[in-house]
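The structure appears below as structure tokens.
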């Protein structure tokens, strides 16, 4: 009887594994293979002719591609530490014994995670609109001059960073809170006996204990920001001009607006290779045991 029950459980396990594997092949593997194939053609939605490496050659000769890629790297380089610091600060405050109203605060800080990235972009676009924005209204009410949040590339980029931190803090906050609650209290009690202050406890106990968690948050943030599309598209539409066109916006514009699907596929493959490098670095550090909690 036990053997029959065990065999039946195995059948259900294989069924669940097969269904997930099928979905993975249909929605991930097959589109990826199509992208690789299209990157070697001049496919525009109707006909596809093999062109070899022409798409890649033209891609690496396109100043627009380098501009989009450099802007993406800048966005990631500034956004990741910004999101990391904001998430860690909020998490430390929410687990502190001196903080009051933690339940309400957690709900407020988690709310952005429940909002669609498109809604986030529209919300921040309304707040920082030049002629109708709430922020410029406050500045004018205080006697200042309204700022060109939309027509100035650097100011628009700043708004994107602020919106990214606001939207990205919630999920990372949950990860940090779980890790902070697992730090042994004995460490802090022993440091208090030695006369350590709050900053010393944070620097010598909290941060080292969050090493693996920090690595995870940073890696996920890199992936998220490198692939960011809906929030930026709704907020700036890549503007003004192409000042804030990131690599995914560049792929979207060339692939769907200009119907150069083969060329856009080549750009997608380049992005895939970059993200793969980050993934392999993660694998190397974790396997090497250099990232531990």
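In full-length UniProt numbering, the protein residues as written are 1 to 293.
In this text, a Cβ means the ideal position worked out from N, Cα and C, and glycines have one as well.
Query: Residue 149, buried or exposed, once every other Cβ within 10 Å from all chains shown has been counted against 16; Result: buried
Query: Closest Cα partner of residue 122 within the set 241, 183, 266, 231; Result: 231
Query: Residue 107, enclosing alpha helix (DSSP H) - first and last residue; Result: 102-114
Query: Simplified DSSP state of residue 50, which is helix, strand or coil; Result: strand
Query: Touch test, the stretch 23-38 against the stretch 261-274, Cβ-Cβ under 8 angstroms, three pairs minimum; Result: yes
Query: Per DSSP, cross-strand counterpart(s) of residue 41; Result: 50
Query: Three-state secondary structure (DSSP) of residue 260; Result: coil
Query: Helix, strand or coil at residue 129 [DSSP, three-state]; Result: coil
Query: Minimum length 4: unbroken alpha helix (DSSP H) runs contained in the stretch 54-109; Result: 54-59, 63-95
Query: Beta-carbon separation (whole angstroms), residue 261 vs residue 43, contact threshold 8 angstroms; Result: 5 angstroms
Query: N-terminal and C-terminal residue of the alpha helix (DSSP H) that residue 166 is part of; Result: 153-181
Query: Start and end residues, alpha helix (DSSP H) containing residue 214; Result: 211-226
Query: Separation of residue 246 from residue 129, as counted between CA atoms; Result: 21 angstroms
Query: Residue 155 vs residue 162 beta-carbon contact at 8 angstroms; Result: no
Query: Sequence-distant residues of the same chain with beta carbon closer than 7 angstroms to residue 203, five excluded per side; Result: none
Query: Contact check, residue 250 vs residue 68, beta carbons under 8 angstroms; Result: yes
Query: C-alpha distance - residue 242 paired with residue 63, whole-angstrom precision; Result: 12 angstroms
Query: Three or more C-beta pairs below 8 angstroms linking the stretch 163-174 and the stretch 193-203; Result: no
Query: Per-residue burial, residue 46 [other beta carbons within 10 Å of its own, 16 or more giving buried]; Result: exposed
Query: CA nearest to the CA of residue 74, picked from 142, 222, 233, 215; Result: 222
Query: Sequence-distant residues of its chain with Cβ nearer than 6 angstroms to residue 99 (five each side left out); Result: 93
Query: Extent of the continuous alpha helix (DSSP H) run through residue 235; Result: 230-235
Query: Residue from 11, 88, 65 with nearest C-alpha to residue 216; Result: 88
Query: Span of the alpha helix (DSSP H) around residue 251; Result: 247-252
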